[in-house]
Amino acid sequence: MLFESDKVSYRVSEFFEKFKGELPKIVMVAQGFHGDIITDTFDREQVIRVHTHSRQWRVVAVTLEETNRKLGHYSIPVDYRLKFCVKKGSAWKENKCFTLREIIEKNKLPVEVQFAKEENVTVGSRSMNTSRFPALRLTHTFEETYLLGNFINSGVMDPRYVPIPLYLKDLRLSLITGIKGRSREHWKSFQDDLTSIANTALRYDLNYGKEDIAIYADAVGLDALYEELQPNLYADPFEFFRYQVINPSYALEDGNITSSTFMKDDPADSTPMMKKLPAVPEKPMKSSYNPYSSMPVNIPPALPARNPETSKIIVDQRNNLHEQLPPTSVREVTPKRLDDALPDDIEQYMIKDVTEALMRLKLEKYIPEFTNQMIDGRMLRALDETILREDFHFTRIEALRLMNFAKNGHIPT
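See below:
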């Protein structure tokens with residue numbers, strides 16, 4: 053059984069503007085995209101049921117001119133976990149640190165900030181002090197938007213949603229209009245069944261967005277439309293620090309590396325807040341418009357409050373989604389599997405199956421460590437880019453190759 057797709061294809065932003073009021077829609081990737089950011093990679097003819105969209109507020113930041121710092125343009129989530137100190141006049145108020153959300157609501161932009169001093173940041177097995185992090189100028193905010201959907205693979209809908217950022221200009225989507233050889237009634241019933249499952253068994257984080265700092269090309273200016281810009285990469289605090297350092301000798305010393313907890317709470321600030329926001333649920337650290345005018349304004353615009361109820365990702369583990377889903381088509385071009393002896397469902401792979409997969413992907417040098425860590429199919433599906441690069445020392449392209457395989461069974465030919 054094959055899907056019928058419309059001949060018209062859309063960029064992600066075009067698709068959103070045209071169909072945002074008509075979701076859900078089932079689409080096929082008409083033109084894939086492979087980039088440096090693994091989660092932004094999509095293969096041609098993948099089938100996705102687009103259910104809804106999410107929005108994340110980010111603030112644009114530029115590096116202040118100082119020795120050993122690389123000037124650049126970045127964006128940071130307004131709900132970034134680390135705290136910052138604000139520069140008042142010529143002095144830094146280092147004894148009072150706030151979240152970015154608090155700073156933006158209390159101050160008119162632009163405003164100069166620096167990472168809270170003497171904080172210890174831990175990502176994975178690495179820990180460092182923030183005392184050498186660069187000072188930044190916050191210029192304006194913007195809203196980053198993602199489509200949220202689920203892959204349909206071999207007749208089943210993956211319960212984990214996949215985010216599709218609107219800034220991917222090379223990715224093109226086509227509407228699926230039916231199933232070849234099946235009636236319109238069958239196609240409508242198929243869509244209704246998927247909608248019922250999505251509404252009852254799945255939840256989507258409507259505040260979803262990348263949690264790391266986005267780094268943009270050097271040529272980007274402050275007048276750019278950041279919601280349409282594709283970042284070069286998303287950097288955790290360590291990657292951001294390394295990117296900033298121009299002089300290789302200006303690096304972390306052993307004395308600056310600690311094993312403290314991720315972040316200490318600052319003493320409660322006695323300064324009254326202009327507006328209290330609902331508490332934002334903390335998330336683990338992991339390695340997304342109308343800009344406010346740079347002209348001074350008397351009262352900074354209020355940011356939209358996060359709704360904790362929409363920030364949950366709930367998958368009903370008691371329901372067997374595969375049994376609930378109706379039989380559906382497979383793509384004309386299916387991912388190349390290793391051999392008939394291996395299970396179709398990667399989560400059913402045993403350790404020896406993962407070893408065979410690594411050999412076919414020309415990643416055999418990682419077999420000893422994967423075997424030592426007892427990586428089977430279920431664990432393979434749980435690995436992300438941060439774990440692969442930090443714990444197994446994968447290169448970016450190697451991580452991309454393995455993540456593509458874990459996601460849809462793709463083996464480059």
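Numbering (my numbering), first residue to last: 53 to 465.
Even for Gly, the Cβ is constructed at its ideal location relative to N, Cα and C.
Beta-carbon proximity of Trp109 to Val130, cut-off 7 Å: Residue mapping note: residue 109 aligns to position 57 of the sequence shown, counting from 1. Residue mapping note: residue 130 aligns to position 78 of the sequence shown, counting from 1. Contact: yes.
Strand pairing of Ala113, partner residues [DSSP]: As a working note, residue 113 is residue 61 in the sequence shown. Looking at the DSSP assignment, Ala113 forms a beta bridge with Tyr126, Leu190.
Inter-residue spacing [alpha-carbon to alpha-carbon] between Asp257 and Arg153: Numbered from its first residue, the sequence shown carries residue 257 at position 205. Numbered from its first residue, the sequence shown carries residue 153 at position 101. So the alpha carbons of these two residues sit roughly 19 Å apart.
Residues bridged to His105 [DSSP beta-bridge criterion]: Counted from its first residue, the sequence shown places residue 105 at position 53. Looking at the DSSP assignment, His105 forms a beta bridge with Leu199.
Buried versus exposed, by CB contacts within 10 Å (16 or more), Leu54: Position 2 of the sequence shown, counted from the start, is the residue given in the question as residue 54. Exposed.
Per DSSP, cross-strand counterpart(s) of Ala287: Position 235 of the sequence shown, counting from 1, holds the residue named residue 287. Ala287 pairs with Ile265.
Reference Thr407; option with closest CA among Asp443, Ile128, Pro420, Arg441: For the purposes of this step, residue 407 is taken as the residue at position 355 of the sequence shown. Of the candidates Asp443, Ile128, Pro420, Arg441, the one whose C-alpha sits nearest the C-alpha of Thr407 is Pro420.
Nearest candidate by alpha-carbon position, reference Leu199, set Glu66, Gly461, Ser57: The count along the sequence shown starts at 1 and reaches residue 199 at position 147. Ranking the options by Cα distance to Leu199, first place goes to Glu66.
Integer-rounded CB distance, given that Ile463 should sit under 8 Å from Leu432: Start at 1 with the first residue of the sequence shown, and residue 432 comes out as number 380. Start at 1 with the first residue of the sequence shown, and residue 463 comes out as number 411. The Cβ separation is near 14 Å, so there is no contact.
Cross-strand partners of Ser61 (DSSP beta bridge): What you label residue 61 is simply residue 9 of the sequence shown in a count that begins at 1. According to DSSP, which records beta bridges pairwise, Ser61 is partnered with Ser226.
Local Cβ density within 10 Å of Glu280, reported as buried at 16 or more and exposed below that: Residue 280 sits at position 228 when you count from the first residue of the sequence shown. Exposed, by the Cβ-count rule.
Candidates Phe422, Asp443, Ile204: closest to Asp95 by CA position: Here residue 95 is taken as the residue at index 43 of the sequence shown, counted from 1. Nearest C-alpha to Asp95: Ile204.
Contact under 7 Å by Cβ, Lys135 with Ala187: Here residue 135 refers to the residue found at position 83 of the sequence shown. Here residue 187 refers to the residue found at position 135 of the sequence shown. Result no, Cβ atoms of Lys135 and Ala187 do not sit closer than 7 Å.
Contacting residues, own chain, Cβ-Cβ under 8 Å from Val60 (five flanking each side not counted): Translated into positions along the sequence shown, residue 60 becomes position 8. Counting only Cβ-Cβ distances below 8 Å, and skipping sequence neighbours, we find Ser226, Leu227.
For Tyr418 and Arg448, the rounded distance between their alpha carbons: In the sequence shown, counting from the first residue as 1, residue 448 sits at position 396. In the sequence shown, counting from the first residue as 1, residue 418 sits at position 366. In a straight line, the C-alpha of Arg448 is about 14 Å away from that of Tyr418.
Spatially closest choice to Ser127 from Thr465, Glu74, Lys262, by CA coordinates: On the sequence shown, position 75 is the one that residue 127 refers to. Looking at the Cα atoms, Lys262 is the closest of the given residues.
Close-in-space but distant-in-sequence residues of the same chain around Leu75 (CB under 7 Å, 5 per side omitted): The residue you call residue 75 lines up with position 23 of the sequence shown. Contacts found: Val102, His103, Thr104.
Start and end residues, beta strand (DSSP E) containing Lys140: Residue numbering aside, residue 140 sits at position 88 when the sequence shown is read from its first letter. Segment 136-140, the beta strand (DSSP E) holding Lys140.
Cβ-based neighbour list, Thr423, same chain, cut-off 7 Å, excluding 5 preceding and 5 following: To locate residue 423, count along the sequence shown from 1; it is residue 371. Excluding sequence neighbours, Thr423 sits near Ile403, Thr407.
Buried/exposed call for Asp443, threshold 16 Cβ in 10 Å: Walking along the sequence shown from the start, residue 443 turns up at place 391. The residue is exposed, with fewer than 16 neighbouring Cβ atoms inside 10 Å.
Paired residues, beta bridge with Phe150 - DSSP: By one-based count along the sequence shown, residue 150 stands at place 98. Paired residues: Phe136.
Continuous beta strand (DSSP E) stretch holding Lys77: start and end: Residue numbering aside, residue 77 sits at position 25 when the sequence shown is read from its first letter. Start and end: 77-83.
Runs of alpha helix (DSSP H) wholly within the segment 402-462 (minimum 4 residues, chain order): 403-412, 419-424, 429-434, 437-442, 448-460
8 Å contact criterion, which Val112 and Phe185 should meet: CB distance rounded: What you label residue 112 is simply residue 60 of the sequence shown in a count that begins at 1. What you label residue 185 is simply residue 133 of the sequence shown in a count that begins at 1. The pair is not a contact, with the Cβ atoms about 18 Å apart (cut-off 8 Å).
Buried versus exposed call for Ser248 [16 or more other C-beta atoms within 10 Å across all chains shown]: Taking the first residue of the sequence shown as 1, we reach residue 248 at position 196. With fewer than 16 Cβ atoms within 10 Å of its Cβ, Ser248 is classed as exposed.
Residue closest to Ser179, alpha-carbon to alpha-carbon, out of Leu220, Tyr260, Leu413, Phe290: As a working mapping, residue 179 is identified with position 127 in the sequence shown. Considering only alpha carbons, the answer is Phe290.
Alpha carbon of Ile482 to alpha carbon of Glu416, nearest angstrom: For residue 482 there is no data in the structure shown, the boundaries of the chain being 53 and 465.
Three-state secondary structure (DSSP) of Phe67: In the sequence shown, residue 67 corresponds to position 15, counting from 1. Helix.
Outcome for His125 when other beta-carbon atoms lying within 10 angstroms are tallied against a minimum of 16: Start at 1 with the first residue of the sequence shown, and residue 125 comes out as number 73. With 16 or more Cβ atoms within 10 Å of its Cβ, His125 is classed as buried.
Distance between Lys140 and Val93 (C-alpha atoms, nearest Å): By 1-based counting over the sequence shown, the position of residue 93 is 41. By 1-based counting over the sequence shown, the position of residue 140 is 88. For clarity, residue 93 is Thr in the given sequence; the question names Val instead. For Thr93 and Lys140, the distance between alpha carbons rounds to 43 Å.
For Arg224, the nearest candidate out of Gly230, Pro283, Ile216 (CA to CA): In the sequence shown, the residue the question calls residue 224 occupies position 172. If we check each option's Cα against that of Arg224, Ile216 comes out closest.
CB contact check: Lys221 to chain B, cutoff 7 Å: Absence of chain B from the displayed structure is noted, only one protein chain being present.
Coil, strand or helix - Arg294 by DSSP: Here the question's residue 294 lines up with position 242 in the sequence shown. Reduced to three states, the DSSP call for Arg294 is helix.
Local conformation of Phe242 per DSSP, three classes: For the purposes of this step, residue 242 is identified with residue 190 of the sequence shown, where counting begins at 1. Looking at Phe242 - three-state DSSP - the assignment turns out to be helix.
Under 7 Å between C-beta atoms of Glu97 and Thr229: Residue 97 sits at position 45 when you count from the first residue of the sequence shown. Residue 229 sits at position 177 when you count from the first residue of the sequence shown. Not closer than 7 Å, so no.
Nearest neighbour of Gly84, chosen from Val99, Lys70, Lys72, Met209 [CA to CA]: Translated into the one-based positions of the sequence shown, residue 84 becomes position 32. The shortest C-alpha separation from Gly84 is found at Val99.
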